[in-house]
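**Student:** Before I ask anything, let me first share the structure, which is written out below as structure tokens.
Chains as they are written, first to last, in our numbering: chain W, 1 to 113; chain Y, 114 to 227.
Spelled out as structure tokens, the structure:
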């Protein structure tokens, strides 16, 4: 099955700086890579996703890049704001199919004022 | 309002006392799934369902049961709960496959087994 590694587990950045979270995956057949954000006490919510036919996708201050050769993808947040403080999870299709996602262990992003 | 609901939101129980956590979605989604979230371990899939009467094991199914008798409901059953099942549980639904589309999570159920 799919194995997803996520780094770092905790990331502290100054407000206004950029943050980068990286994930690697094991199954070369995987073709869908979402990122979920979970604020304290809340449910995970999708913030951005990328499919294997593109190398980069942007949505305002958030971007995701994908390197299929190296089997890694990254979340980039620019001009960080206090509301970006949360736990972020990357994911890839579990068992190579449509039946579930394998999640990384999460990154706790802390925005320092 | 399109949503996934879970009940109860909080539950404290004792070892061996059967319990059910309900999950319901009003978006007519085919796929539903249960996850447990533990500190440092992320979200791990327990069971999933691709349609009515079609269910299968995820990565950590031991000690759990599910059923999908109606499209909108996907209850999680713990026949004989044990302390290692103390966790935060999330139900999720998805319009198409989980590996290809957005998952919509319920608010979570925090379970404590004494």
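Backbone N, C-alpha and C define an ideal beta-carbon position, used for all residues, glycine too. Quick caveat: nothing in here was measured; it's all calculated off a predicted structure.
Considering only the beta carbon of each residue, do residue 64/W and residue 50/W sit closer than 7 Å?
**Tutor:** Indexing the first chain from 1 puts residue 64/W at position 64. Indexing the first chain from 1 puts residue 50/W at position 50. In contact: residue 64/W and residue 50/W (Cβ atoms closer than 7 Å).
**Student:** Please confirm if the segment 85-100 of chain W is in contact with the segment 31-39 of chain W, defined as three or more CB-CB distances below 8 Å between the two stretches.
**Tutor:** Touching, per the Cβ criterion.
**Student:** Give, in chain order, every residue of the segment 153-171 of chain Y whose Cβ lies closer than 8 Å to some Cβ of chain W.
**Tutor:** Listed by position, the residues of the segment 153-171 of chain Y near chain W (Cβ gap below 8 Å) are 153, 154, 155, 156, 157, 158, 161, 163, 169 and 171.
**Student:** What does residue 105/W touch in chain Y if you count any residue whose Cβ is under 8 Å from its own?
**Tutor:** Start at 1 with the first residue of the first chain, and residue 105/W comes out as number 105. By Cβ distance, chain Y contributes 153, 154 and 155.
**Student:** Please confirm whether residue 187/Y has its beta-carbon closer than 7 Å to some beta-carbon of chain W.
**Tutor:** Counted from its first residue, the second chain places residue 187/Y at position 74. No - not a single Cβ of chain W is within 7 Å of the one on residue 187/Y.
**Student:** Starting from the beta carbon of residue 46/W, find every residue of chain Y whose beta carbon is closer than 8 Å, and list them in chain order.
**Tutor:** Here residue 46/W refers to the residue found at position 46 of the first chain. Under the 8 Å cutoff, chain Y gives 215 and 216.
**Student:** Quick check: is the beta carbon of residue 212/Y nearer than 7 Å to any beta carbon in chain W?
**Tutor:** Here residue 212/Y corresponds to residue number 99 of the second chain, with the count starting at 1. It does: the Cβ of residue 212/Y has a partner Cβ on chain W nearer than 7 Å.
**Student:** Tell me, please, whether the CB atom of residue 40/W is closer than 7 Å to any CB atom in chain Y?
**Tutor:** Working through the first chain from its first residue, we reach residue 40/W at position 40. Chain Y contact via Cβ: absent.
**Student:** Can you name, in chain order, every residue of its own chain whose Cβ lies under 6 Å from the Cβ of residue 18/W, other than the five neighbours on each side?
**Tutor:** Taking the first residue of the first chain as position 1, residue 18/W is located at position 18. Same-chain partners within the cutoff: 78.
**Student:** Closer than 7 Å by beta-carbon distance: list the chain W residues that pair up with residue 230/Y, in chain order.
**Tutor:** Only positions 114 to 227 of chain Y appear in this structure, which leaves residue 230/Y out of reach.
**Student:** Nearest to residue 165/Y by alpha carbon, out of 187/Y, 132/Y, 148/Y and 158/Y?
**Tutor:** Here residue 165/Y refers to the residue found at position 52 when the second chain is read from its first residue. The residue with the shortest Cα to Cα distance from residue 165/Y is 187/Y.
**Student:** For residue 52/W, which option in 99/W, 30/W and 109/W has the closest C-alpha, if you only look at C-alpha atoms?
**Tutor:** As a position in the first chain, residue 52/W is number 52, starting the count at 1. Considering only alpha carbons, the answer is 30/W.
**Student:** Within a Cβ cutoff of 7 Å, which residues of the same chain sit near residue 7/W, ignoring the five residues on either side of it in sequence?
**Tutor:** Counting from one through the first chain, the residue named residue 7/W turns up at place 7. So the list reads 22, once near-sequence residues are dropped.
**Student:** Based on DSSP bridge pairs, tell me the residues matched to residue 22/W.
**Tutor:** Within the first chain, numbered from 1, the residue matching residue 22/W stands at position 22. In the DSSP output, where bridge partners are listed per residue, residue 22/W has 7/W and 74/W.
**Student:** Give the residues of chain W in contact with residue 146/Y, contact being defined as C-beta atoms less than 8 Å apart.
**Tutor:** The sequence position of residue 146/Y within the second chain is 33, counting from 1. Those are 100, listed as they occur along chain W.
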